[in-house]
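The sequence shown: position 94 = 94 (the UniProt record's numbering), numbered continuously.
For glycine and all other residues, C-beta sits at the position ideal for the given N, C-alpha and C.
Just so it is clear, the structure is predicted and the values come from calculations on it, not from any experiment.
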Amino acid sequence: MTRSRLTWLDALRGYAAAVVALFHLSPTVLGQQRHLALFAQFDAGRYGVLLFFLISGYVIPMSLERHGSLRRFWISRIFRIYPAYLLTIVVGLALAGAGWLRLHPTLYAETTTSVLGHATMLQELLGLRGVVRPFWTLAYEMTFYLIVAGLFAWRRHRDSAWWAAGLALIVLVLGRRLPGDLLAGSPGDRRIAAVVLALLLAGTLAAYVGGRRVPVLIVGAAGIGTVLLPLLDGQPTRYATAGDSSGAALLLAVMFAGTLVHRAQHRQLDRRVAGAVLALVLVAAGINQWLLDQTGLLRNSAVAAAVAGTFAIAFGLRHRAVPGLLTRLGAISFSIYLLHIPVLVVVSRVLRGHPFAIGAAFVAGTLAVAGIAFHLVERPGQRLGRRVWRRCDARFGPDVRVTGAATEGGMASTGSFGKQRESV
1 MTRSRLTWLD ALRGYAAAVV ALFHLSPTVL GQQRHLALFA QFDAGRYGVL
51 LFFLISGYVI PMSLERHGSL RRFWISRIFR IYPAYLLTIV VGLALAGAGW
101 LRLHPTLYAE TTTSVLGHAT MLQELLGLRG VVRPFWTLAY EMTFYLIVAG
151 LFAWRRHRDS AWWAAGLALI VLVLGRRLPG DLLAGSPGDR RIAAVVLALL
201 LAGTLAAYVG GRRVPVLIVG AAGIGTVLLP LLDGQPTRYA TAGDSSGAAL
251 LLAVMFAGTL VHRAQHRQLD RRVAGAVLAL VLVAAGINQW LLDQTGLLRN
301 SAVAAAVAGT FAIAFGLRHR AVPGLLTRLG AISFSIYLLH IPVLVVVSRV
351 LRGHPFAIGA AFVAGTLAVA GIAFHLVERP GQRLGRRVWR RCDARFGPDV
401 RVTGAATEGG MASTGSFGKQ RESV
């Protein structure tokens, strides 16, 4: 048993990764018909992803406030997520080259846009699929990083309630009125958007690493402006996962709901206000699909309630000791999330026609591959990140600092979302 201030988050993150992985295994083991029957009642993929987003919303601002350094935050984030991400791309392309994994046609039809989209992790908001399916959520993670960093740069990071409530109200009030492809509705527009986003991310990293106040404020404002991506471009093609812009806005609302919990916990926000806004986000998560096409009310409401209940239970038990197995699962959760699809491709090919053997091999293989990736790729990447930001501190001097309570510390690191019959 392990006891620390953040082990409950490790356990919850590991649980969410396991849920998503098992959701993707389900059609192979249970059969497509049984999988779809269960999916019609409860979208476990959506449940796992929303839980991930809620955790990210809680953790990311906390990691920024812990050190107050935007330079350190961005360098740590890049070296935390890109090594395993790039490894997954290499593995996916190798499997595709061997004929074992079928890449989505958009990767061939719009190669330049796809390469730039993968470089920024924003391919989902360009309407393109990733090398492996779970990459789509990373676009919303990256957008959240850009927005939150911008809010910190402009000293507006305590406005979590306004952001969560505003996004939830947009989902509930505007809904289908939001454009879905205003910024990237054609191949030419997508190419231009991909170039602009690549330049934005490169400029963001350069400004935050350099630490000079004026460039930081400029890229901070641009980062805040990336909220327009999901609001105006949530469904640039039929391949985007959110279903529409209101569904994309909902994902950001859930992340800011996680931030809201953190603020209320540390009395940076009136808990009655936090409770009201959290209830608003919960309602939006439950009924957004029904408002669009009068479907999915019971299923999505059940998912929203399950996400809230799961997080509430884990939060309530946060001072209890957590089994070491769960914390270890949390440590490798990012690699589980990224690499479980390549593992599934391999074991399904090798053990074709033996669903239960595939299931057992998938679980064992995913844990083994994720563990290896964590120790050989993720950890060295994190160590390298620490060396890089120390050298940057030595070279550039102190960067622009943000004020905030130094609270619990720690660097933390699929469902339908409008797709009626698709496991993502």
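Could you please give the first and the last residue of the uninterrupted alpha helix (DSSP H) stretch that includes residue i?
i, result
"His24", "7-30"
"Pro187", "187-210"
"Phe311", "297-316"
"Gln289", "271-293"
"Leu183", "No alpha helix (DSSP H) holds Leu183; DSSP gives it neither H nor E."
"Gly343", "According to the sequence shown, residue 343 is Val rather than Gly. Its alpha helix (DSSP H) spans residues 333-350."
"Arg263", "245-265"
"Phe374", "Note, Phe374: premise wrong, no alpha helix (DSSP H); not H, not E."
"Gly166", "160-169"
Could you give the distance in angstroms between the alpha-carbon of residue i and the alpha-carbon of residue j?
i, j, result
"Ala17", "Gly385", "24 Å"
"Leu107", "Leu197", "18 Å"
"Gly247", "Gln294", "14 Å"
"Ala40", "Gly48", "16 Å"
"Val219", "Thr204", "5 Å"
"His262", "Ala249", "20 Å"
"Ala314", "Gly188", "46 Å"
"Leu183", "Pro236", "8 Å"
"Leu326", "Ile81", "21 Å"
"Glu422", "Ser301", "Here the model assigns Glu422 a pLDDT of 42, short of 50, so the residue's position is not dependable, and the following value carries that caveat. C-alpha separation (whole angstroms): 19 Å."
"Leu269", "Gly258", "13 Å"
"Val171", "Ala37", "28 Å"
"Arg349", "Ala361", "12 Å"
"Ala305", "Ala394", "48 Å"
"Val19", "Ala207", "38 Å"
"Arg191", "Ser56", "29 Å"
"Pro105", "Ala168", "34 Å"
"Pro61", "Gly185", "33 Å"
"Phe311", "Met255", "13 Å"
"residue 438", "Arg272", "Lying outside 1 to 424, the shown extent of the chain, residue 438 is not represented and no answer is given."
"Val132", "Gly92", "7 Å"
"residue 425", "Ala221", "Past the boundaries of the shown model lies residue 425; the chain is included only from 1 to 424, so the question cannot be answered."
"Ser416", "Gln265", "Caution is warranted here: a pLDDT of 39 is assigned to Ser416, below 50, making its placement in the model unreliable, and no coordinate value can be reported."
"Leu146", "Leu201", "9 Å"
Go ahead and pull the three-state DSSP assignment for residue i.
i, result
"Ser69", "strand"
"Val227", "coil"
"Val400", "coil"
"Ser413", "With a pLDDT of 34 at Ser413, under the threshold of 50, the modelled position of this residue cannot be trusted, and the question is left open."
| query | Would you call the region 259-276 and the region 211-218 in contact, with 3 or more CB pairs under 8 Å? | reply | Below 8 Å, too few C-beta pairs join the region 259-276 and the region 211-218 to call them touching: fewer than three.
| request: Examine the Cβ distances between the region 333-346 and the region 79-90 and report whether three or more of them are shorter than 8 Å. | output: They touch, by the three-pair rule.
| request: Give, in chain order, every unbroken run of the alpha helix (DSSP H) that is at least 4 residues long and sits entirely within the region 105-149. | output: 105-109, 111-120
| Quick one: any contact between the region 139-157 and the region 215-234, if contact means 3 or more CB pairs under 8 Å? | Cβ pair count under 8 Å is three or more, so yes.
| said: Tell me whether the region 369-379 and the region 116-135 touch, counting them as touching only if at least three CB pairs, one residue from each stretch, are closer than 8 Å. | reply: no
| query | How about the region 93-101 and the region 338-346: do they share at least three Cβ pairs that are nearer than 8 Å? | reply | The region 93-101 makes contact with the region 338-346, as at least three CB pairs between them are under 8 Å.
| For the region 69-80 against the region 23-30, are there 3 or more C-beta pairs whose distance is under 8 Å? | no
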